[in-house]
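S.K.: Just dropping this structure here.
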Amino acid sequence: MDMDESRKILGGLVVGAILGAGLALLFAPQTGKRTRKDISRFAKKTRDKAEDLATDLMESVSDLVDEISDKTSDAISKGKGLTADAKKEILKAVDRQKEKLEKIMG
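Residues in the sequence shown are numbered consecutively from 19, following the working numbering.
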């Protein structure tokens, strides 16, 4: 395809788009003012829905962070508790072994 054919096709597309837009305006069921109001109303509803969605998302993320924080705190507390219990058991075992050694040494 040469440059002249490309220009003709492009020109035809532009003319078709202009004619289509003109016909749409001629056969539009409402006035331009009404259409602008509808577009404005639609934009506001869309913005409100987007804000609600963002708020819900932030709340969900916040809840998730709280839940992870609580579980982490619980795990740390349990870990400390296990460490304290394990320490007591080790000390008891050391004391038992010490007593056995004292009996043997005597």
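Just so you know, even glycine gets a beta-carbon here, dropped at the ideal spot from N, CA and C.
#1: From the DSSP output, in three-state form, read off phenylalanine 45 for me.
#2: CA-CA distance, glutamine 48 and leucine 41?
#3: Threonine 73 to lysine 62, Cα distance in whole Å?
M.R.: The short version:
#1: coil
#2: 14 Å
#3: 16 Å
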